[in-house]
Structures are given as C-alpha cells and as structure tokens.
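Participant:
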Amino acid sequence: MSASAIVMMLVAMLIIWGGLALAVTSLVRHGAVEDRAENVRRDP
Amino acid sequence: MSSTAGAAAQEERRRGSFSSRRIFILAAIGSAVGLGNIWRFPYVAYENGGGAFVVPYLVALLTAGIPFLLLDYAIGHRHRGSAPLSFARLRRGTEGLGWWQVAICFLIAVYYAAVLAWALSYTFFSLDQAWGADPEGFFFGEYLQAGDVAVTADVVPGVLVPLAVVWLAVLVVLALGVQRGIGAVSLVFIPVLVLAFAVLVVQALLLPGAGAGLDALFTPDWAALAEPAVWAAAFGQIFFSLSIGFGIMITYASYVGRREDMTGSGLVVGFSNSSFELLAGIGVFAALGFMAQAGGVAVGEVARDGIALAFIAFPTIINEAPAGALIGVLFFGSLVIAGITSLISVIEVVISAVRDKLDTSRLTATLAVVVPSAVLSLVLFSTTSGIYVLDVVDHFVNQYGILVVALLSMLVVAWVLRALPRLGDHLNVHGRPRVGTGWRVLTSIVAPAGLAIVLVLAVRDDLAAPYEGYPTWLLLGFGWLLVLALPLVGFLLARLPWRAGTHLDGPPPGSDPGTPLDGAPVADAAGRDRSVTGHDEGGRR
Chain A
16 MSASAIVMML VAMLIIWGGL ALAVTSLVRH GAVEDRAENV RRDP
Chain B
213 MSSTAGAAAQ EERRRGSFSS RRIFILAAIG SAVGLGNIWR FPYVAYENGG GAFVVPYLVA
273 LLTAGIPFLL LDYAIGHRHR GSAPLSFARL RRGTEGLGWW QVAICFLIAV YYAAVLAWAL
333 SYTFFSLDQA WGADPEGFFF GEYLQAGDVA VTADVVPGVL VPLAVVWLAV LVVLALGVQR
393 GIGAVSLVFI PVLVLAFAVL VVQALLLPGA GAGLDALFTP DWAALAEPAV WAAAFGQIFF
453 SLSIGFGIMI TYASYVGRRE DMTGSGLVVG FSNSSFELLA GIGVFAALGF MAQAGGVAVG
513 EVARDGIALA FIAFPTIINE APAGALIGVL FFGSLVIAGI TSLISVIEVV ISAVRDKLDT
573 SRLTATLAVV VPSAVLSLVL FSTTSGIYVL DVVDHFVNQY GILVVALLSM LVVAWVLRAL
633 PRLGDHLNVH GRPRVGTGWR VLTSIVAPAG LAIVLVLAVR DDLAAPYEGY PTWLLLGFGW
693 LLVLALPLVG FLLARLPWRA GTHLDGPPPG SDPGTPLDGA PVADAAGRDR SVTGHDEGGR
753 R
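Chains as they are written, first to last, in this note's numbering: chain A, 16 to 59; chain B, 213 to 753.
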C-alpha cells in the first residue's frame with residue numbers, strides 16, 4: 016500500500032470509528048447525569 | 213396515575229414499544245445497515261476519489277445525514293405515531309406524505325426480499341461452490357434462468373423456495389411484535405452481523421493481494437473533490453444508507469420511551485452505520501485485491517458493486533481463496549442478516565400505519581400486510597424475468613420515490629409547517645448535544661439542497677439515456693408510472709377515516725417528555741435503559 020493510502024485509511028478509521036466511540040461515550044455519560052438528576056427530583 | 217399518563221400508557225401498550233434505548237439503537241442500526249453498506253459503499257468510494265471521498269462523505273454525514281435522521285426521530289418521537297399518523301398530527305393536510313412513504317416501503321419490501329432469497333441460496337451454495345467455474349453464467353443462466361428482457365410467468369423453483377422462507381421468517385418476527393419480534397431479532401442479529409463481518413474482514417486481509425485492493429480504495433484522488441458529481445455521490449450514499457426520509461425512523465422513534473435522549477441515540481446510529489460501511493469497504497476491497505492478483509489484472513478491472521459484486525465477483529473470489537467456503541458463508545450470511553433486519557423495518561412502517569389507521573390487532577395487521585406483499589413478491593420475482601423488473605423498480609423507487617418524498621417532506625416540515633423550532637425543542641428536553649440554529653439551517657437548507665442536487669443529476673442521467681438500456685415499455689411500466697402512482701396512492705389512503713378516538717391535533721396527551729411520569733406503569737426512572745418496560749401489543753383498543 017502507498018503511504019497516502021495508509022494515511023487516508025487511518026484518517027477514515029480515526030474519524031468514523033472514533034466518532035462512534037465518542038458518540039457512545041457521550042450518550043452513556045449524559046444518561047448517567049439524567050439519572051442522577053431524576054433521582055434528586057424524586058428524592059430531594 | 214393521572215388520566216393523561218394513563219391514556220399515554222394505554223396507547224403505548226396498544227402500539228407496542230422497545231424495552232430500552234439500547235434495543236431501539238440496535239433496531240435502528242439494523243435498519244440502516246443493509247445491503248447498500250456492503251455492496252454499494254465500497255464501489256461508490258472507489259469511483260469517487262478513493263481516500264479523498266472521506267471528505268465529502270463526512271461532510272454529507274454531518275451536514276445532511278445526521279440532521280435529517282434527527283428530524284425523523286423528532287417527528288416520530290414527539291407525535292408517537294407511524295409516518296401517516298405523525299404527519300397528520302403535525303398538520304392534517306400532510307398525512308398523505310406519510311402514506312406516500314408507506315407505499316414506497318411496501319414496494320421496496322416486495323423486491324428487497326428477492327435479493328435476500330438469492331443471498332440465502334448463495335450461503336448454502338458457498339459450501340460446495342455450486343456455481344462451478346463460471347459464476348456469471350451460473351447466476352443468470354442456471355440459478356435465475358433469466359432469458360430475454362420480458363415479463364414472464366415462468367416460475368424458478370430455486371428462487372421461489374428461499375423467497376417463501378424469507379417471507380415466512382419476516383411474518384413470524386413481525387407477528388411477535390415490536391419488542392419480542394423486532395427488538396429480540398436486533399439484539400441477537402446485530403452483534404452476530406458485526407462479528408461475522410469482522411471475521412470476514414480478517415480473512416480477506418490475510419489473502420495475497422489484499423494490500424493492492426486497499427491501495428485502490430484508499431489512494432486519494434484530490435482532484436475529484438472539484439467535481440460536483442463526487443459530492444452528489446457522497447450525499448446520495450449517506451442518504452440511501454441511513455434509512456431516512458421514508459418513514460422507518462419515524463416509526464421506530466415512536467416506539468421509544470418519551471424520556472430518552474434521541475439526539476445522542478441518533479449520533480450513535482449515524483456513526484455506527486458509517487463504521488460498518490468502512491469495515492465493509494476494507495473487507496470487500498481486500499477480497500477484490502486478491503481477485504485481481506489471482507487474475508493478473510488491475511483492481512479497477514474487477515471492482516464492481518451491487519448484484520455483480522455479490523453474485524459474480526465474490527463467488528469467483530471464493531473459488532480461488534483458501535477457506536473459500538468460510539468466506540462465502542460469512543459474506544452471504546452477512547448479506548442475509550443485514551438485509552433481513554432492514555426488510556423487517558421496511559414492513560414495520562406499513563404494519564404500524566395500518567394499525568394506527570384501523571382498529572386491528574398486531575396479528576391481523578401483520579397478516580394483512582405481509583401476505584399480500586409475499587404473494588406479490590413471489591409472483592413478480594420468482595420468475596425468469598424477476599431480475600429485470602427488480603433492477604428497474606429498485607432504480608426508480610430509490611431515485612424518484614424515496615428521494616422525492618424525503619425532499620418534499622423535509623421542505624414541508626421546515627418551510628410550510630415551520631415546525632423545526634418545536635421539533636428541536638422536543639429533542640433538547642432530554643437530548644444532548646443540544647440542537648439549535650445550526651441544526652435548523654442544516655435541515656432546512658443544506659440537506660434539501662444536497663438531496664436536490666442528487667435528484668437533478670439522476671434525472672439528467674435518466675433522460676440522457678434509457679436506464680441500463682432497458683426497453684421503454686419496461687422503464688415506463690415498472691419505473692416512471694410506478695413512481696408517479698405512489699403519491700396518488702398515498703394521498704388517496706389519507707382520505708380514509710382514522711379509527712375512532714384517534715388524537716390528531718398535535719402530539720397526543722401525555723407525550724411531552726418534560727412532564728412527570730406520574731407513576732405511569734410504562735416508566736421506571738431508575739435507569740435510562742429501563743425507562744419503559746417494552747410492550748408487545750396484544751390486541752385492539
């Protein structure tokens with residue numbers, strides 16, 4: 016494989032698979048924050 | 213429990229729901245990841261700049277794909293209904309757009325099942341390479357028995373039987389309901405699909421010549437970025453791949469608990485779909501690199517997409533490769549799994565609409581939708597003319613069915629109903645990151661403009677030369693007239709009365725995600741993934 020092809024493959028992997036990892040992490044973290052807020056509202 | 217919360221819970225039990233956000237995300241991924249991810253994306257990327265295609269692809273994903281996906285989610289989640297009911301609740305006069313989407317889904321289901329039947333047959337053919345030394349001759353001659361371009365009633369038993377099996381499987385899954393059917397299948401099949409395809413990619417990467425294939429796919433042609441057609445290809449790929457704009461995501465979002473983060477879920481679904489496409493690109497081109505090396509030709513000479521890739525190129529690869537049977541089972545098995553989860557989502561759009569419109573049980577609606585679809589599918593696509601009809605219907609329904617209804621729906625919601633601010637507010641109640649002006653601009657201007665360019669280029673190509681050189685009568689009958697009939701059918705169906713007691717003006721009572729749940733039995737605020745228990749709708753109201 017040429018150097019430019021390797022670089023573009025890595026860039027695509029980093030952005031797309033990295034984007035997925037970021038999206039999952041953000042969803043899980045926001046879910047946890049919402050849970051805590053909900054518990055505080057229900058049991059002040 | 214307040215009466216409003218009670219009514220909302222009762223309606224949720226009637227319609228069915230996903231038991232958790234995780235199940236919904238898996239089902240949405242199952243819908244988005246289909247045959248196009250495996251057999252369309254790699255070739256589109258290769259043909260449109262190779263590695264440089266990453267740039268327009270990401271721009272299209274972030275400026276049109278995900279914003280449009282979130283719009284679908286907001287419409288379905290806020291209005292808690294199938295596509296026609298959600299549009300009717302947005303404004304009664306727009307109900308026809310929802311039925312137009314339903315009509316498109318019905319048509320897609322009829323021919324999509326046939327491709328799954330072929331893939332199912334080929335999963336077994338892979339074991340002993342039943343296609344022999346001439347995969348192309350076997351596919352068109354021995355398997356499909358395709359003759360001249362004509363519509364015939366000569367049944368091909370080799371297609372009829374697997375097609376009947378596919379429809380039977382779909383019938384069973386959909387009759388089981390939203391959670392026990394669609395949810396359970398997604399929970400099992402999506403991890404299996406990812407695992408199977410990952411094994412396939414590893415196998416492909418170990419083949420000699422794989423590097424040359426990846427080199428062909430990823431070597432950037434930066435000059436391609438100056439061509440409008442390359443950008444249109446990126447917007448088209450993202451649009452067709454994400455299952456947006458024709459009712460699926462509206463329907464699935466209506467089955468999600470009202471306090472869920474739809475924005476975050478949308479980002480996960482969008483990036484999951486692209487992640488799988490990238491994985492498919494690597495696997496397919498590694499295998500094509502091997503095929504090119506084995507034949508002593510350049511990768512460009514063997515690169516292809518669609519039916520030719522799956523049923524001609526891959527059998528050739530399987531013939532030559534070590535552990536070819538394993539590669540075949542993994543590849544065609546992945547096609548079957550990716551296809552069946554998408555097919556299920558397409559038919560669910562129709563079933564959900566029928567159930568919302570009429571007072572029918574889940575089983576009755578499933579039988580009423582699946583049996584006619586299956587009969588039509590068997591009549592049209594298990595014959596010796598099946599492949600020609602399929603090719604024409606697929607082309608026209610995609611280019612002038614899905615694309616037009618998606619574009620119109622988006623424009624109507626954004627510019628006629630001016631509903632984007634309230635839909636954005638709905639997403640922001642529990643969704644993060646928040647959507648604001650940027651999302652509204654992307655959804656009302658950028659995404660429609662991108663889709664309009666794709667549409668204009670498609671019309672230009674189809675007017676310049678008959679699609680694939682097919683005769684005019686075939687293109688008229690199964691192409692232009694069919695796509696013109698779809699909106700007519702849609703707006704006629706919109707004239708039928710709704711079942712008694714259907715709430716039509718705005719979101720139904722109790723659907724506001726900001727209001728307390730009041731102990732409604734469907735809610736469990738202790739866990740985000742357990743905010744609804746999930747229901748498999750059992751019967752009439």
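Heads up, the beta-carbon is just placed ideally off N, CA and C, and yes, glycines get one too.
Everything numeric in this text was worked out from a predicted model, so none of it was measured.
Give the single residue among B:L282, B:G242, B:S229, B:I241 whose Cα lies nearest to the Cα of B:G650.
Facilitator: One-based indexing of the second sequence puts residue 650 of chain B at position 438. Checked all of B:L282, B:G242, B:S229, B:I241; the closest Cα to B:G650 is B:L282.
Participant: Consider the Cβ of B:G346: report whether some Cβ of chain A lies at a distance smaller than 9 Å.
Facilitator: The residue labelled residue 346 of chain B in the question sits at position 134 within the second sequence. A quick correction: the sequence has Asp, not Gly, at residue 346 of chain B. False, the Cβ-Cβ gap to chain A never drops below 9 Å.
Participant: Along the segment 228 to 245 of chain B, where does the CB come closer than 9 Å to a CB of chain A? Name the residues.
Facilitator: For the segment 228 to 245 of chain B, which is checked against every Cβ of chain A, the residues closer than 9 Å are R233, I237.
Participant: Indicate whether B:Y334 and B:F593 have their beta-carbon atoms separated by less than 9 Å.
Facilitator: Working through the second sequence from its first residue, we reach residue 334 of chain B at position 122. Working through the second sequence from its first residue, we reach residue 593 of chain B at position 381. Not a contact, by the Cβ cut-off of 9 Å.
Participant: Using the Cα positions of B:E223 and B:G248, report the straight-line distance between them to the nearest angstrom.
Facilitator: As a position in the second sequence, residue 223 of chain B is number 11, starting the count at 1. As a position in the second sequence, residue 248 of chain B is number 36, starting the count at 1. Approximately 35 Å between the Cα atoms of the pair.
Participant: By Cβ distance, which residues of its chain are closer than 7 Å to B:I563, with the 5 residues on each side in sequence left out?
Facilitator: On the second sequence, residue 563 of chain B is found 351 positions in, with the first residue counted as 1. The answer, listed in chain order, is L386, A577, T578, V581.
Participant: Where does the unbroken alpha helix (DSSP H) through B:R470 begin, and where does it stop?
Facilitator: Residue mapping note: residue 470 of chain B aligns to position 258 of the second sequence, counting from 1. No alpha helix (DSSP H) contains B:R470, which DSSP labels as neither H nor E.
Participant: Consider the Cβ of B:F483: report whether some Cβ of chain A lies at a distance smaller than 9 Å.
Facilitator: Taking the second sequence and counting its residues from 1, the one referred to as residue 483 of chain B is at position 271. So, interface residue.
Participant: Go to B:G277, then tell me how far its alpha helix (DSSP H) extends in each direction, as first and last residue.
Facilitator: Taking the second sequence and counting its residues from 1, the one referred to as residue 277 of chain B is at position 65. B:G277 -> no alpha helix (DSSP H), and no H or E assigned at all.
Participant: Could you check where the alpha helix (DSSP H) with B:G425 kicks off and where it finishes?
Facilitator: The sequence position of residue 425 of chain B within the second sequence is 213, counting from 1. It spans 422 to 430 - the alpha helix (DSSP H) in which B:G425 sits, taken as one unbroken run.
Participant: Identify each residue in the segment 259 to 275 of chain B for which the Cβ-Cβ distance to at least one residue of chain A is less than 7 Å, and report them in chain order.
Facilitator: Within the segment 259 to 275 of chain B, the qualifying residues are G263, V266, L270.
Participant: Using only alpha-carbon positions, find the residue among B:V371, B:A465, B:F350 that is nearest to B:T596.
Facilitator: For this step, residue 596 of chain B is matched to residue 384 along the second sequence. Comparing Cα positions, the closest option is B:V371.
Participant: Considering only their Cβ atoms, is the gap separating B:P432 from B:G218 smaller than 9 Å?
Facilitator: Position 6 of the second sequence, counting from 1, holds the residue named residue 218 of chain B. Position 220 of the second sequence, counting from 1, holds the residue named residue 432 of chain B. Against a cut-off of 9 Å, the Cβ pair of B:P432 and B:G218 comes out as no contact.
Participant: For chain A, is any of its Cβ atoms less than 9 Å away from the one on B:S487?
Facilitator: Residue 487 of chain B sits at position 275 when you count from the first residue of the second sequence. Yes, contact with chain A.
Participant: What does the Cβ neighbour count give for B:A732, buried or exposed, with the cut at 16 atoms within 10 Å?
Facilitator: Reading the second sequence from its first residue, position 520 is the one you call residue 732 of chain B. Confidence in B:A732 is poor, its pLDDT being 44 and thus under 50, which makes the residue's placement unreliable; the coordinate value appears in the next sentence. Classification for B:A732: buried.
Participant: Residues of the segment 403 to 418 of chain B in Cβ contact with chain A at a cutoff of 7 Å, in chain order, please.
Facilitator: Residues: none.
Participant: Going by C-alpha distance, which of B:G478, B:A331, B:L426 is nearest A:V39?
Facilitator: Along the first sequence, one-based indexing puts residue 39 of chain A at 24. The shortest C-alpha separation from A:V39 is found at B:G478.
Participant: Mind reading off the beta-carbon distance from B:A381 to B:I552? Whole number of angstroms is fine, and I expect it under 8 Å.
Facilitator: Translated into positions along the second sequence, residue 381 of chain B becomes position 169. Translated into positions along the second sequence, residue 552 of chain B becomes position 340. Right, their Cβ atoms sit about 7 Å apart.
Participant: Considering only residues of the same chain and omitting the five flanking positions on each side of A:V43, which have a CB-CB separation below 7 Å?
Facilitator: Within the first sequence, residue 43 of chain A is the residue found at index 28, counting from 1. Cβ within range, chain order: n/a, list empty.
Participant: When the Cα of B:Y600 is compared with those of B:S232, B:V361, B:P725, which residue comes out closest?
Facilitator: Here the question's residue 600 of chain B lines up with position 388 in the second sequence. Among B:S232, B:V361, B:P725, the Cα nearest to that of B:Y600 belongs to B:V361.
Participant: Inspect the beta-carbon positions of B:F526 and B:A499 and report whether they are closer than 9 Å.
Facilitator: On the second sequence, residue 526 of chain B is found 314 positions in, with the first residue counted as 1. On the second sequence, residue 499 of chain B is found 287 positions in, with the first residue counted as 1. Going by C-beta atoms, B:F526 is nearer than 9 Å to B:A499.
Participant: For a cutoff of 9 Å on Cβ pairs, would you count B:A504 as touching chain A?
Facilitator: Counting from 1 along the second sequence, the entry for residue 504 of chain B is found at position 292. Closer than 9 Å: no.
Participant: Give the interface partners of A:L42 over in chain B, defined as CB-CB distance under 7 Å, in chain order.
Facilitator: On the first sequence, position 27 is the one that residue 42 of chain A refers to. Going along chain B in sequence order, the residues near A:L42 (Cβ under 7 Å) are D473, G476, S477, V480.
Participant: Around the C-beta of B:V695, are 16 or more other C-beta atoms found within 10 angstroms, so that it is buried, or is it exposed?
Facilitator: For the purposes of this step, residue 695 of chain B is taken as residue 483 along the second sequence, with counting starting at 1. By the neighbour-count rule (16 or more Cβ atoms within 10 Å), B:V695 is buried.
Participant: Measure the C-alpha to C-alpha separation of B:S338 and B:I539 and round it to an integer number of angstroms.
Facilitator: For the purposes of this step, residue 338 of chain B is identified with residue 126 of the second sequence, where counting begins at 1. For the purposes of this step, residue 539 of chain B is identified with residue 327 of the second sequence, where counting begins at 1. If you take the alpha carbons of B:S338 and B:I539, they lie about 8 Å apart.
Participant: Going by Cα to Cα distance, which pick from B:G702, B:R470, B:V377, B:G689 is closest to B:V583?
Facilitator: Counted from its first residue, the second sequence places residue 583 of chain B at position 371. If we check each option's Cα against that of B:V583, B:V377 comes out closest.
Participant: Taking only the alpha-carbon atoms, compute the straight-line gap between B:G393 and B:V384 and give it to the nearest angstrom.
Facilitator: By 1-based counting over the second sequence, the position of residue 393 of chain B is 181. By 1-based counting over the second sequence, the position of residue 384 of chain B is 172. Cα to Cα, B:G393 sits roughly 8 Å from B:V384.
Participant: For B:R470, decide whether its Cβ has a neighbour in chain A, counting only Cβ atoms nearer than 9 Å.
Facilitator: Here the question's residue 470 of chain B lines up with position 258 in the second sequence. No, B:R470 lies away from the interface with chain A (no Cβ there is under 9 Å from its Cβ).
Participant: At 4 residues or longer, what runs of the alpha helix (DSSP H) sit wholly inside the segment 546 to 609 of chain B?
Facilitator: Taking only runs of at least 4 residues, the alpha helix (DSSP H) segments lying wholly in the segment 546 to 609 of chain B are 574 to 593, 598 to 608.
Participant: Within the same chain, show all residues whose beta-carbon is closer than 6 Å to that of B:S243, passing over the 5 residues directly before and after it, in chain order.
Facilitator: As a first step, residue 243 of chain B is located in the second sequence; it is residue number 31 there, counting from the start. Counting only Cβ-Cβ distances below 6 Å, and skipping sequence neighbours, we find S455, I460, S554, S557.
Participant: Is the shortest distance between the beta-carbon of B:L490 and the beta-carbons of chain A less than 9 Å?
Facilitator: Taking the second sequence and counting its residues from 1, one reaches residue 490 of chain B at position 278. It does; some Cβ of chain A falls within 9 Å.
Participant: Count the other C-beta atoms from every protein chain shown that fall within 10 angstroms of the C-beta of B:A535, then say buried if there are 16 or more, exposed otherwise.
Facilitator: Position 323 of the second sequence, counted from the first residue, corresponds to residue 535 of chain B. Classification of B:A535: exposed, given that the 10 Å Cβ count is below 16.
Participant: Reducing DSSP to helix, strand and coil, say where B:S229 ends up.
Facilitator: On the second sequence, position 17 is the one that residue 229 of chain B refers to. Note: B:S229 maps to strand in three-state DSSP.
Participant: Around the Cβ of B:E472, are there at least 16 other Cβ atoms within 10 angstroms (buried) or fewer (exposed)?
Facilitator: Your numbering for residue 472 of chain B matches position 260 in the second sequence. That one is buried.
Participant: Classify B:V400 as helix, strand or coil using the three-state DSSP reduction.
Facilitator: Taking the first residue of the second sequence as 1, we reach residue 400 of chain B at position 188. Helix.
Participant: Need the endpoints of the alpha helix (DSSP H) that B:M622 sits in, please.
Facilitator: Looking up residue 622 of chain B in the second sequence gives position 410. B:M622 -> alpha helix (DSSP H) spans 615 to 623.
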